[in-house]
Structures are given as structure tokens and as C-alpha cells.
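Scroll down for the structure; my scribbles are underneath it.
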Amino acid sequence: MHPSLPQADVMRIVLCFPVTDSQVARIAETVPDAEVVNAGQSRIDELLPTADIFIGHAKVPVNWDRVLDAGRLRWIQSSAAGLDHCLVPGVIENDSIIVSSASGLFAPQVAEQTFALLFGVIRRAPVFFNARKVRDFSRQPTDDLRGKTVGIVGLGGNGRAIADILSPWDVRVVATDFYPVDRPGAVETLWPADRLNDLLDISDVVILAIPLNENTDGMFDEAVFNRMKRGSYLINVARGRVVRESALVAALRSGRLAGAGLDVTEVEPLPADSPLWDDPKVMISPHIGAQSFRRVSDTVDLACINLKRFVAGQQPYNVVDKRLGFPHPADVYRPCTENPNG
24 MHPSLPQADV
34 MRIVLCFPVT
44 DSQVARIAET
54 VPDAEVVNAG
64 QSRIDELLPT
74 ADIFIGHAKV
84 PVNWDRVLDA
94 GRLRWIQSSA
104 AGLDHCLVPG
114 VIENDSIIVS
124 SASGLFAPQV
134 AEQTFALLFG
144 VIRRAPVFFN
154 ARKVRDFSRQ
164 PTDDLRGKTV
174 GIVGLGGNGR
184 AIADILSPWD
194 VRVVATDFYP
204 VDRPGAVETL
214 WPADRLNDLL
224 DISDVVILAI
234 PLNENTDGMF
244 DEAVFNRMKR
254 GSYLINVARG
264 RVVRESALVA
274 ALRSGRLAGA
284 GLDVTEVEPL
294 PADSPLWDDP
304 KVMISPHIGA
314 QSFRRVSDTV
324 DLACINLKRF
334 VAGQQPYNVV
344 DKRLGFPHPA
354 DVYRPCTENP
364 NG
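As C-alpha cells, this is what we get:
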């Protein structure tokens, strides 16, 4: 059950994601007795302390001390799977605030972006992009995905979608996860998170699909890269700070890594003087893994479903362990749960 709502005349729902007027109206219709305010990025810092419920993702600085001092906020429904934007220490420690994510909601898009990066580095797309600039039609060596062992670090919604898409490609898939349960058929072996070294020992490709938290911040450092197979590939569609850029650059220069596909970087935007820009073994995209023309409408769908559950005294889908930053697999929202037709 969720904590009791504060005593107030009207429950206030504050939004901060790119909704249309009709989508705001739909959210308002879901909870007719509530006041729905679309703060946007420009007013979220001002209005968040007035919220009982916050739906969205603040991409500007928010004074969380002021929010917590107001004592009104009871539920955060993130419009993103990653929660580093709101899981500040005060929110983590406050037992009156629950947090739910968009975990798994954009998994198909993240999986597609993973494949764009994966095939880009294996088939040496940056080399050919550079050759095109000088109209050089020379053949260059490429690599193959077929026959490789792919290790997925983090088998949540995104990791499982990636595994599903990999299944027809004649590869061996292994994975680690904090909750090593319900191993999908596409995954040969699922280890607990502390068996990362076993995954690194055998993986030709390592795909990162883990959240950013105190345990994963800087996880892929020099020691971890040195444990990876020489000539292997890294794909990061998780959070940039999971990987230390200096260690990644060193691994690429030494030949430890044959290539890297990055949808996220340790510092975003990636600084213009980063050596990653000029490395022909690196594919870079600007944190667009979850980008989709359906993203906002799908988020509104989840928000409305969870609002109904919240006001009915039920736990919303995707409620996370705030110290870990992700939900238990049994609590993850799946569209067919509410809609038998998917």
C-alpha cells in the first residue's frame, strides 16, 4: 500500500515531460478530483514543492531540500527508466515517498539502438563513414556477430528485450542481474550480479543495461576492462557514469577493446575535446536509446494506469527499491497485464 496522502483540499499532480494539452486532459480525467499542473522544465523547480504526485523527469536543477521540507510529495512516477534524476539521498531516506520508474516501457527502442551501435562497431561503420568523406571506396576489414558470446550486464526490461532480439543471430547469450530469476529462453546462463567476472571471461561483446546507483557508478574501470577478453566490444545503453571514460580510452588504445558503441557518456554532452570523438573504433549516439514517436503516449498510458492504482490504495507498477534504483521483476509493468491484446 502507498503512504497516506497528506491532508490537503485538493491532491495536486505536477507534470514535467513533453505532454500535449489533450494528454494533460487525459491524466486529469483519470483522477477527476485532483488538480493537474503541467510545470514543464521551466517551472518544475518552482512547482515541485506543491506536488502530492510528480510525474516526469526534471532535466534542470531541482532544490530537493525545499521539496522535502514542504512535506507534501508522496509519489514520484518517473518518465524514464533511470532514476538518478530524482533518487537524491533525501528521497531515498524518506519512507513517505515511493518512486516508480518507466522500466521496460521503452525496451524495444533501447534494443534497436543497441543493435545499431553493435553492428556499427562490428561492421566498422565509423571507418566507412570517414572514407565516404574523402570518397575512398577501398575495402577494409570487418568482423562478424555470428558465433560470438554476448554478455548482458543487467537483465531488466531493456536487457531482456536485447536478449530476445539477439536470439535468432546464432550467438550465445549470458547475463548477470541483481535478481537472477526467470531466465528467458534466449539466455543460456543467468548469474547473480557478483558473477560479473565470469561473464567478462567468456564474452566477445559486453552490453551494459544496468541502472546508475552507488554500486554501479564507475563500475567499468581499468581493472574491469583488463578482465575483458582482448579484442572484445563494449556497448553502453545504460548510464554514462557506469563507465570511466579514461579507462575506456586506454582499453581502446591498447587493443583490449576492438570497439565501443556508446549511447551514453560519462559527461553529457560529450565534451568536444574527448578522444572518443576521433576514434574510428567508436560509435556514438546522443543518449537517444529510448527515443520514439510513441514515447510520450506510452508514458501517459503508464501514468494513468498507475494513478488509478495509487488512488485506489494499490501499489503502482514499477515501484523501485530506492537504494538500488530499479524494481523487482515481479513488479515490472507489462502492457498485457492491463490489456490482454498487448
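Sequential numbering from 24 applies to the sequence shown in our numbering.
Note that beta-carbon positions come from the ideal geometry of N, C-alpha and C, so glycine has one too.
Worksheet item: Assuming Leu106 contacts Gly348 under a Cβ cut-off of 8 Å, what Cβ separation, rounded to an integer in Å, is found between them?
Response: Sequence index remark: in the sequence shown, residue 106 carries index 83 (1-based). Sequence index remark: in the sequence shown, residue 348 carries index 325 (1-based). Indeed they touch by this definition, with Cβ atoms about 5 Å apart.
Fill in: Residues sharing a beta bridge with Trp98, DSSP
Position 75 of the sequence shown holds residue 98. Paired residues: Ile76, Ile121.
Fill in: CA-to-CA distance, Val305 to Val150, given in whole angstroms
For this step, residue 150 is matched to residue 127 along the sequence shown. For this step, residue 305 is matched to residue 282 along the sequence shown. Val150 and Val305: Cα-Cα distance of roughly 9 Å.
Discussion item. With a threshold of 8 Å between beta carbons, is Ile175 in contact with chain D?
Written reply: Of the protein chains in this structure there is only one, and it is not chain D.
Worksheet item: In terms of residue numbering, what span does the beta strand (DSSP E) encompassing Pro112 cover?
Response: Against the sequence shown, residue 112 aligns to sequence position 89. It is not in any beta strand (DSSP E) - Pro112 instead sits in the alpha helix (DSSP H) that spans 112 to 116.
Worksheet item: What does a CB cutoff of less than 8 Å around Gly208 pick up in its chain, not counting 5 residues either side in sequence?
Response: Start at 1 with the first residue of the sequence shown, and residue 208 comes out as number 185. So the qualifying residues of the chain are Ser190.
Discussion item. Out of Trp300, Val319, Ser119, Ala216, which one is the CA nearest neighbour of Cys39?
Written reply: As a first step, residue 39 must be located in the sequence shown, where it is residue number 16. Selected option, being the one with the closest Cα: Val319.
Practice prompt. Work out the CA separation of Ser277 and Arg250 for me, nearest whole Å.
Written response: Counting from 1 along the sequence shown, the entry for residue 250 is found at position 227. Counting from 1 along the sequence shown, the entry for residue 277 is found at position 254. Answer to the nearest angstrom: the Cα atoms are 13 Å apart.
Worksheet item: Counting only runs that start and end within the segment 278 to 349, where is the beta strand (DSSP E) found for 3 or more residues in a row?
Response: Taking only runs of at least 3 residues, the beta strand (DSSP E) segments lying wholly in the segment 278 to 349 are 280 to 285, 305 to 307.
Worksheet item: Where do the N-terminal and C-terminal ends of the alpha helix (DSSP H) with Thr53 fall, by residue?
Response: Within the sequence shown, numbered from 1, the residue matching residue 53 stands at position 30. Run containing Thr53: 44 to 53, per the alpha helix (DSSP H) assignment.
Worksheet item: What is the rounded straight-line gap between the Cα of Ala246 and the Cα of Asp92?
Response: The residue you call residue 246 lines up with position 223 of the sequence shown. The residue you call residue 92 lines up with position 69 of the sequence shown. Looking at the two C-alpha atoms, the distance is approximately 42 Å.
Worksheet entry | Whole-number beta carbon distance between Ile76 and Ile36, since they are thought to touch under 8 Å | Taking the first residue of the sequence shown as 1, we reach residue 36 at position 13. Taking the first residue of the sequence shown as 1, we reach residue 76 at position 53. Going by Cβ atoms, the distance from Ile36 to Ile76 rounds to 5 Å, so yes, they are a contact pair.
Worksheet entry | Paired residues, beta bridge with Trp214 - DSSP | Your numbering for residue 214 matches position 191 in the sequence shown. Looking at the DSSP assignment, Trp214 forms a beta bridge with Thr199.
Worksheet entry | Anticipated Cβ contact below 8 Å, Ile225 with Val197, distance rounded | Position 202 of the sequence shown, counting from 1, holds the residue named residue 225. Position 174 of the sequence shown, counting from 1, holds the residue named residue 197. Indeed they touch by this definition, with Cβ atoms about 7 Å apart.
Practice prompt. Could you pull the start and end residues of the beta strand (DSSP E) that Thr172 belongs to?
Written response: Within the sequence shown, residue 172 is the residue found at index 149, counting from 1. For Thr172, the enclosing beta strand (DSSP E) has its first and last residue at 172 to 176.
Worksheet item: If we count the other Cβ atoms within 10 Å of its Cβ and call it buried at 16 or more, is Ala281 buried or exposed?
Response: The count along the sequence shown starts at 1 and reaches residue 281 at position 258. Looking at its Cβ environment, which holds 16 or more other Cβ atoms inside 10 Å, Ala281 is buried.
Practice prompt. Indicate whether the contact test is met: 3 or more Cβ pairs, each with one atom in the segment 136 to 153 and one in the segment 282 to 294, closer than 8 Å.
Written response: yes
Fill in: Nearest residue (CA-CA) to Ser65, options Ala57, Val54, His80
Residue numbering aside, residue 65 sits at position 42 when the sequence shown is read from its first letter. The shortest Cα separation from Ser65 among Ala57, Val54, His80 belongs to His80.
Item to complete: Kindly list the residues whose CB is nearer than 6 Å to the CB of Pro26, restricted to its own chain and excluding five residues on each side of it in sequence; keep chain order.
Response: For the purposes of this step, residue 26 is taken as residue 3 along the sequence shown, with counting starting at 1. Note that Pro26 scores a pLDDT of 44, beneath 50, so its modelled location is shaky; the value from the coordinates is reported in the next line. Same-chain partners within the cutoff: Arg97, Ser119.
Discussion item. Taking DSSP's pairing of strands, which residues face Arg35 in a bridge?
Written reply: Counted from its first residue, the sequence shown places residue 35 at position 12. DSSP lists Glu58 as partners of Arg35.
Worksheet item: Would Lys345 be called buried (16 or more neighbouring beta carbons within 10 Å of its own) or exposed?
Response: One-based indexing of the sequence shown puts residue 345 at position 322. Under this definition Lys345 is a buried residue.
Worksheet item: Nearest to Asn86 by CA position, among Asp32, Ser101, Val114, is which residue?
Response: Taking the sequence shown and counting its residues from 1, the one referred to as residue 86 is at position 63. The candidate whose alpha carbon is nearest that of Asn86 is Val114.
Practice prompt. Would you decide whether Arg267 is buried or exposed? Buried here means 16 or more other CB atoms lie within 10 Å of its CB.
Written response: Here residue 267 refers to the residue found at position 244 of the sequence shown. Its Cβ being crowded by 16 or more others within 10 Å, Arg267 is buried.
Fill in: For Leu71, three-class secondary structure by DSSP
What you label residue 71 is simply residue 48 of the sequence shown in a count that begins at 1. Three-state result, Leu71: helix.
Discussion item. Assuming Leu168 is part of the alpha helix (DSSP H), what are its boundary residues?
Written reply: The residue labelled residue 168 in the question sits at position 145 within the sequence shown. No alpha helix (DSSP H) contains Leu168, which DSSP labels as neither H nor E.
Practice prompt. Leaving out five residues on either side along the sequence, give the residues of the same chain with a beta carbon under 7 Å from the beta carbon of Glu289.
Written response: For this step, residue 289 is matched to residue 266 along the sequence shown. Once the five neighbours on either side are set aside, the close Cβ partners of Glu289 are Gly263, Arg264, Val266, Arg267, Glu268.
Worksheet item: Is Arg357 helix, strand or coil by DSSP?
Response: Translated into positions along the sequence shown, residue 357 becomes position 334. In the three-state DSSP reduction, Arg357 falls in the coil class, being neither helix nor strand.
Discussion item. What does the Cβ neighbour count give for Gly385, buried or exposed, with the cut at 16 atoms within 10 Å?
Written reply: Only positions 24 to 365 of the chain appear in the structure, and residue 385 is not among them; the question remains open.
Worksheet entry | Entirely enclosed alpha helix (DSSP H) segments - the segment 127 to 160, minimum 4 residues | 130 to 145, 148 to 156
Practice prompt. Quick one: residues in its chain with C-beta nearer than 7 Å to the C-beta of Ile126, no 5 flanking neighbours on either side, listed in chain order?
Written response: As a working note, residue 126 is residue 103 in the sequence shown. One detail in the question is off: residue 126 reads as Ser in this sequence, not Ile. These residues qualify, in order along the chain: Ala104, Gly179, Gly180, Asn341, Phe349, Pro350, Val355.
Worksheet item: Ala335 to Val111, Cα distance in whole Å?
Response: Against the sequence shown, residue 335 aligns to sequence position 312. Against the sequence shown, residue 111 aligns to sequence position 88. Their Cα atoms are separated by approximately 28 Å.
Worksheet item: With 16 as the cutoff for other CB atoms within 10 Å, does Lys171 come out buried or exposed?
Response: Position 148 of the sequence shown, counting from 1, holds the residue named residue 171. So Lys171 counts as buried.
Worksheet item: Hey, how far is the Cα of Val47 from the Cα of Gln314?
Response: For the purposes of this step, residue 47 is taken as residue 24 along the sequence shown, with counting starting at 1. For the purposes of this step, residue 314 is taken as residue 291 along the sequence shown, with counting starting at 1. If you take the alpha carbons of Val47 and Gln314, they lie about 20 Å apart.
Discussion item. By the three-class DSSP mapping on this structure, what secondary structure does Ser65 have?
Written reply: Mapped onto the sequence shown, residue 65 falls at position 42. Note: Ser65 maps to helix in three-state DSSP.
Discussion item. Using a Cβ-Cβ cutoff of less than 6 Å, which residues in the same chain neighbour Leu222 once the five nearest sequence positions on both sides are dropped?
Written reply: Counting from one through the sequence shown, the residue named residue 222 turns up at place 199. Once the five neighbours on either side are set aside, the close Cβ partners of Leu222 are Gly174, Val197, Thr199.
Worksheet entry | Environment of Phe160 [buried if 16+ CB atoms lie within 10 Å] | For this step, residue 160 is matched to residue 137 along the sequence shown. Under this definition Phe160 is an exposed residue.
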